[in-house]
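**Student:** Going by the working numbering, the sequence shown opens with residue 3, and the numbers climb by one from there.
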Amino acid sequence: MGGRQRDTQQAALDEGGLAVEGDASREDVLKRVGIERARGLIAAVSTDAENVYAVLSARVLRPDLFIVGRAEGEDAARKLKRAGADRVISPYQIGAMQIAQTALRPAVVDFVALATGSDNVELAMEEIAVAAASGLASRSLVDANLRQRFSVIVVGIQRQDGRMEFNPEPDTIIRSGDKLVVLGRPDSLKRLEGEAMVGGAPAPMK
């Protein structure tokens, strides 16, 4: 490990994080860091080739794992997808889009930064999965009464097939397996997450 990598590892440890020195493409290293219980994996090491190998190894160990890979170019992006990445991110492309959007729609960019920034304790955007046992499943948004009960705004619903429904109508049905994209206070989102996992029938609107 080079000096810069050691400094990065030490900085993570100093801030209370966890850091392990190792080759991310090795199955024994991935097992050591707990890939069996991981919620997701981000492959963002120094080269495209290393990211492809890391994604391949992770996909072999966890066929169900959500994997994000970083790519420098379009060719690498295609290889990462073939290797098993669910999403591929290009920092250069995102940076260019961010610059353009900031120039064209600065207020929109400021709002998104506010809603997704880690420093903001008043507002957060989260995706919340709806379990089959939840009292929200098979109910319409208006029947679920989320805005009044939790003071949140549902800005989108991602269906199980990956389709995203933006700004859904009040009579839109929430189905088990959906992911609600919700804007609200962190404590409200936490309560809604508990309801989405398991809960009784929502209280009727007054």
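Glycine included, every Cβ here is placed at the ideal spot set by N, Cα and C.
(1) If we call anything under 9 Å between Cβ atoms a contact, is Ile44 one with Arg80?
(2) Express the C-alpha separation of Glu23 and Asp9 in angstroms, rounding to a whole number.
(3) Does DSSP put Gly97 in a helix, a strand or coil?
(4) Does the region 176 to 190 come into contact with the region 128 to 140, if we say contact requires no fewer than three beta-carbon pairs (one atom in each stretch) closer than 8 Å?
(5) For Ser48 and Glu74, I'd like the C-alpha separation in whole angstroms.
(6) Rounded to whole angstroms, what's the CA-CA distance from Val54 to Arg41? Just pull it up for me.
(7) Report the option in Asp112, Gln160, Lys83, Arg187 whose CA atom is closest to the CA atom of Ile175.
(8) Counting Cβ pairs, one atom from each stretch, are 3 or more of them under 8 Å apart for the region 24 to 40 and the region 57 to 71?
(9) Could you compute how far the alpha carbon of Pro188 sits from the alpha carbon of Leu82?
(10) Thinking Ser178 and Ala133 are a contact (beta carbons under 8 Å), I'd like their distance in whole angstroms, please.
(11) Does DSSP put Arg149 in a helix, a strand or coil?
(12) Quick one: what's Leu43 bridged to in DSSP?
(13) Are Asp50 and Val70 touching if we call contact CB-CB under 9 Å?
(14) Tell me which residue opens and which closes the beta strand (DSSP E) that Val62 is part of.
(15) What three-state label does DSSP hand Glu17 in the structure shown?
(16) Between which two residues does the alpha helix (DSSP H) containing Leu125 stretch?
(17) Hey, would you say Ala56 sits closer than 9 Å to Ala105, going by beta carbons?
(18) Which of the three DSSP states, helix, strand or coil, is assigned to Ser142?
(19) Leaving aside the five residues before and after Leu67 along the sequence, list all residues of the same chain whose C-beta is less than 8 Å from its C-beta, in chain order.
**Tutor:** Judging by the given coordinates:
(1) Taking the sequence shown and counting its residues from 1, the one referred to as residue 44 is at position 42. Taking the sequence shown and counting its residues from 1, the one referred to as residue 80 is at position 78. Ile44 is not a Cβ neighbour of Arg80, given a cutoff of 9 Å.
(2) Locating residue 9 in the sequence shown gives position 7, counting from the first residue. Locating residue 23 in the sequence shown gives position 21, counting from the first residue. Their Cα atoms are separated by approximately 12 Å.
(3) Here residue 97 corresponds to residue number 95 of the sequence shown, with the count starting at 1. Of the three classes helix, strand and coil, the one that applies to Gly97 here is helix, per DSSP.
(4) Yes: the two stretches touch, three or more of their Cβ pairs being nearer than 8 Å.
(5) Numbered from its first residue, the sequence shown carries residue 48 at position 46. Numbered from its first residue, the sequence shown carries residue 74 at position 72. The straight-line gap from Cα to Cα measures roughly 10 Å.
(6) Residue numbering aside, residue 54 sits at position 52 when the sequence shown is read from its first letter. Residue numbering aside, residue 41 sits at position 39 when the sequence shown is read from its first letter. Rounded to whole angstroms, Val54 to Arg41 spans 19 Å at the Cα level.
(7) Position 173 of the sequence shown, counted from the start, is the residue given in the question as residue 175. Selected option, being the one with the closest Cα: Gln160.
(8) By the Cβ rule, the region 24 to 40 counts as touching the region 57 to 71, because three or more pairs are nearer than 8 Å.
(9) Looking up residue 188 in the sequence shown gives position 186. Looking up residue 82 in the sequence shown gives position 80. Rounded to whole angstroms, Pro188 and Leu82 show a C-alpha spacing of 34 Å.
(10) On the sequence shown, position 176 is the one that residue 178 refers to. On the sequence shown, position 131 is the one that residue 133 refers to. Between Ser178 and Ala133 a beta carbon distance of about 6 Å is seen, short of the 8 Å cut, so the two are scored as contacting.
(11) Translated into positions along the sequence shown, residue 149 becomes position 147. Secondary structure at Arg149: helix, using DSSP grouped into helix, strand and coil.
(12) Here residue 43 corresponds to residue number 41 of the sequence shown, with the count starting at 1. Leu43 has Ile69 as its beta-bridge partners, per DSSP.
(13) Within the sequence shown, numbered from 1, the residue matching residue 50 stands at position 48. Within the sequence shown, numbered from 1, the residue matching residue 70 stands at position 68. No, the pair does not count as a contact, with Cβ atoms beyond the cut-off.
(14) Within the sequence shown, the letter at position 60 stands for residue 62. Per DSSP, Val62 lies in no beta strand (DSSP E) segment; the continuous alpha helix (DSSP H) that holds it begins and ends at 50 to 63.
(15) What you label residue 17 is simply residue 15 of the sequence shown in a count that begins at 1. In this structure, DSSP gives Glu17 a state outside helix and strand, which the three-state scheme calls coil.
(16) Position 123 of the sequence shown, counted from the start, is the residue given in the question as residue 125. Going by DSSP, Leu125 is part of no alpha helix (DSSP H) at all; its letter is neither H nor E.
(17) Within the sequence shown, numbered from 1, the residue matching residue 56 stands at position 54. Within the sequence shown, numbered from 1, the residue matching residue 105 stands at position 103. No.
(18) As a working note, residue 142 is residue 140 in the sequence shown. The answer is strand: DSSP assigns Ser142 an E or B state.
(19) Locating residue 67 in the sequence shown gives position 65, where the first residue counts as 1. Same-chain partners within the cutoff: Ile37, Ala40, Gly42, Leu43, Ala60, Arg61.
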